[in-house]
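Shown next, in structure tokens, is the structure this report addresses.
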Amino acid sequence: MTKPIIRIENLTIGYDYPLLSKINFNINPGEIVAITGTSGLGKTTLLRTIAGLIPKLSGKIYSDVRRRGGMGYIPQRLGLVRHASVYHNVELGARCGVKVNSESGNLFNWSKRKSVVIRQSVEQVGLSDKINEPIRRLSGGQQRRVATARAIAQNPELVLADEFLSELDKENADLIISLVKEYVENSKCGMLFVEHNVERAEQIADRIIDLSEFEEAVNAEE
Ligand SMILES: Nc1ncnc2c1ncn2[C@@H]1O[C@H](COP(=O)(O)OP(=O)(O)O)[C@@H](O)[C@H]1O
Ligand SMILES: [Mg+2]
Numbered sequence: 000m001t002k003p004i005i006r007i008e009n010l011t012i013g014y015d016y017p018l019l020s021k022i023n024f025n026i027n028p029g030e031i032v033a034i035t036g037t038s039g040l041g042k043t044t045l046l047r048t049i050a051g052l053i054p055k056l057s058g059k060i061y062s063d064v065r066r067r068g069g070m071g072y073i074p075q076r077l078g079l080v081r082h083a084s085v086y087h088n089v090e091l092g093a094r095c096g097v098k099v100n101s102e103s104g105n106l107f108n109w110s111k112r113k114s115v116v117i118r119q120s121v122e123q124v125g126l127s128d129k130i131n132e133p134i135r136r137l138s139g140g141q142q143r144r145v146a147t148a149r150a151i152a153q154n155p156e157l158v159l160a161d162e163f164l165s166e167l168d169k170e171n172a173d174l175i176i177s178l179v180k181e182y183v184e185n186s187k188c189g190m191l192f193v194e195h196n197v198e199r200a201e202q203i204a205d206r207i208i209d210l211s212e213f214e215e216a217v218n219a220e221e
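Reminder that position 114 of the sequence shown reads as 113 in numbering that gives the first Met the number 0, one-by-one numbering, no gaps.
Right, here's the structure in full:
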């Protein structure tokens, strides 16, 4: 049996009050899992908890990935640096993702390799001609593509993406979908993404988790 990339057991998430509880699921290598559910349910909270940005209330998240810095997070609010260029924003991902191995151990090779990774990731999202543009001059959809390039440049073992297709027209959404699918397939990483549009979730995901299932568990405890 393959070892899951992440295993979530009896997880309760929330803030000073629980939002959702008894969450259980695994993500296996090469698997794309979608999270659906109505607005305000706790989808972003779940991703942020898995990413380690907010503490879990109880339960277990088993994963080696977080420790190794292998999570590529595409937040709902993209968190790009608006005055900095596309290149520099993608570099913020590549900085921790490029592996320094014995052949490329010296700093010069490392920075050359990093620059290749950044340019490749930007090219993959179709923004090579904008690589030196500041983020503030890009459209919402283009900014979303930069955030995707930033996550991929990190060479993640688990991609976490929050409504990452919103603001994209069909053409751009399809581009990003095929890019991310190809990345997951080739690198055998896992992907967990939030998508309120169920049709779109079905188009991308191997499996869909409806978070409203876990809302019942909280209510039942009250
Ligand atoms: N920092 C916070 N502190 C307290 N409550 C929060 C915080 N962030 C979000 N919430 C609340 O948690 C609930 C779930 O939010 P969120 O995870 O963003 O939902 P979704 O992504 O499913 O729309 C909402 O009721 C929201 O108001
Ligand atoms: Mg959200």
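All C-beta atoms, glycine included, are put in the ideal place defined by N, C-alpha and C.
The structure displayed is predicted, hence computed values, not measured ones.
Opposing strand residues paired with residue i [DSSP bridges]
{"i": "E8", "result": "K59"}
{"i": "R112", "result": "DSSP lists no partner for R112."}
{"i": "V158", "result": "G71, M190"}
{"i": "F213", "result": "Note: F213 sits in no beta bridge, so no partner."}
{"i": "G13", "result": "P17"}
Continuous beta strand (DSSP E) stretch holding residue i: start and end
{"i": "G69", "result": "Segment: none, G69 is in no beta strand (DSSP E) and carries neither H nor E."}
{"i": "V32", "result": "31 to 35"}
{"i": "R206", "result": "206 to 209"}
{"i": "P17", "result": "17 to 26"}
Helix, strand or coil at residue i according to DSSP, with G and I counted as helix
{"i": "G125", "result": "coil"}
{"i": "A83", "result": "coil"}
{"i": "V97", "result": "Bear in mind that the predicted position of V97 carries a pLDDT of just 47, short of 50, making it too unreliable to give a figure here."}
{"i": "E201", "result": "helix"}
{"i": "N131", "result": "coil"}
{"i": "L137", "result": "coil"}
{"i": "T92", "result": "The sequence given here places Gly at residue 92; Thr does not occur at that position. Correct three-state label for G92: helix."}
{"i": "S103", "result": "Here S103 scores only 48 on pLDDT, less than 50, and its place in the model should not be relied on; the value that follows carries that caveat. The answer is coil: DSSP assigns S103 none of H, G, I, E or B."}
{"i": "T147", "result": "helix"}
{"i": "S38", "result": "coil"}
{"i": "K2", "result": "coil"}
Residue span of the alpha helix (DSSP H) that contains residue i, given as start and end
{"i": "R76", "result": "No alpha helix (DSSP H) contains R76, which DSSP labels as neither H nor E."}
{"i": "K42", "result": "42 to 49"}
Member of the options whose CA lies at the smallest distance from the CA of residue i
{"i": "V115", "options": "L77, E132, D168, N154", "result": "N154"}
{"i": "Q123", "options": "A204, A148, L164", "result": "A148"}
{"i": "I208", "options": "K42, N9, I4", "result": "K42"}
{"i": "R136", "options": "V85, K113, D161, E184", "result": "V85"}
{"i": "E166", "options": "L45, G69, R76, G58", "result": "R76"}
{"i": "R65", "options": "A83, G58, R6", "result": "R6"}
{"i": "P74", "options": "E170, S57, T48, H87", "result": "T48"}
{"i": "Y61", "options": "S211, N25, T44", "result": "N25"}
{"i": "G58", "options": "G69, Y182, T11", "result": "T11"}
{"i": "H82", "options": "S138, P133, F163, L210", "result": "P133"}
Residue i Cβ short of 7 Å to ligand 4 heavy atom set
{"i": "E162", "result": "You won't find ligand 4 in this model; what it holds is ligand 1 and ligand 2."}
Quiz item: Are at least three pairs of beta-carbons, each pair with one atom in the segment 143 to 150 and one in the segment 174 to 189, less than 8 Å apart?
Solution: yes
Practice problem: Could you say if the segment 23 to 35 and the segment 193 to 210 meet the contact criterion of at least three C-beta pairs nearer than 8 Å? | Solution: yes
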